[in-house]
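Let me begin by presenting the structure, written as structure tokens, before commenting on it.
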Amino acid sequence: MFIKGVNVKFDNKVIYDNFSIDFEDNKISCIVGASGCGKTTLLNYICDELLANGIKISYVFQEDRLIPWKNVFDNLSIVIKNRYKREIMNDKIEEILKILDINEAKYLYPNELSGGMKQKVNIARALLYDFDVLLLDEPFRSLDAKIKNVLINLIRTISYEKKSTIILVSHDKDEVKALADNVILISGTPNSIVKKGDKAIIDSIFSSIIR
1 MFIKGVNVKF DNKVIYDNFS IDFEDNKISC IVGASGCGKT TLLNYICDEL
51 LANGIKISYV FQEDRLIPWK NVFDNLSIVI KNRYKREIMN DKIEEILKIL
101 DINEAKYLYP NELSGGMKQK VNIARALLYD FDVLLLDEPF RSLDAKIKNV
151 LINLIRTISY EKKSTIILVS HDKDEVKALA DNVILISGTP NSIVKKGDKA
201 IIDSIFSSII R
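The following block contains the structure:
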């Protein structure tokens, strides 16, 4: 998957100038870089570009994107209710709620959930959708280690079974090592690709990031 001609600036600061980036299809790629360098901006650009070309996207944002007037079940059902009969839809929702250990939250509303529970529901909704490309922006940062490991294994399984392209933004080296097939370091003003490779270069990439 090739994204080309990215041009973004804020006020007088150029973030991307005719920037291009290539992601290996059906693999999990991670974008890393210093805080505030423009990783989320790039992910948003990729999302808009792919949607404009009719590609089905699931996106786990950093911030809460749950619909406040819908409970957890309805927030999840909205992405699959047109694909499955009611009984199958219910089973799929029950299954992912059990995996994420939030069965008890099924009929709670977003304002009744903790930050970590909201993020679990955000991730569950993204994984339930029939996506071609999954975008993950710091998806695990409010989750405990046990659930994080469960989700990493689940995402890798989904990637293998669906043969989907997944793009992850993360500051956590252990997450990247556990999940990504490829890693891409961006840096500069405007940004360029400084390093790109497989798992073998993850340690060297993280040692070069200025936080």
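Residues in the sequence shown are numbered consecutively from 1, following UniProt numbering.
Think of the CB as a built atom: it goes at the ideal place given N, C-alpha and C, for glycine as much as any other residue.
Whose C-alpha, out of V176, Y84, V72, F61, is nearest the C-alpha of L100? V72
Best match in L76, L42, K163 for proximity to S192 [C-alpha to C-alpha]: L42
Between which residues of its own chain and K106 is the CB-CB distance below 7 Å, once the five residues before and five after are set aside? V72, F73, L97
Between N130 and I158, what straight-line distance do the alpha-carbon atoms span, to the nearest angstrom? In the sequence under discussion, the amino acid at residue 130 is Asp, which differs from the Asn named in the question. The alpha-carbon atoms of D130 and I158 are separated by roughly 11 Å.
Is it right to say E63 is buried, meaning 16 or more other beta carbons lie within 10 angstroms of its own, or is it exposed? exposed
With a floor of 4 residues, list each alpha helix (DSSP H) that falls wholly inside the stretch 72-119, ordered by position along the chain. 72-77, 86-99
Using the beta-carbon count (16 or more within 10 Å), is A126 buried or exposed? buried
Are the Cβ atoms of S170 and C30 separated by less than 8 Å? yes
Given that a residue counts as buried once 16 or more other Cβ atoms are within 10 Å of its Cβ, and exposed if not, what is G33? buried
Roughly how many whole angstroms lie between the Cα atoms of D132 and I88? 21 Å
Quick one: grab the DSSP three-state call for Y129. coil
Nonlocal neighbours in the same chain, by C-beta distance under 8 Å from K92, ignoring five residues either side: I80, Y84, L128
My output table needs one value for F206: the three-state DSSP class, helix, strand or coil. helix
Using beta-carbon positions only, say whether T165 and K27 come within less than 8 Å of one another. yes
Note down, one range per segment and in chain order, each alpha helix (DSSP H) of at least 4 residues found wholly within the stretch 139-193. 145-162, 173-179
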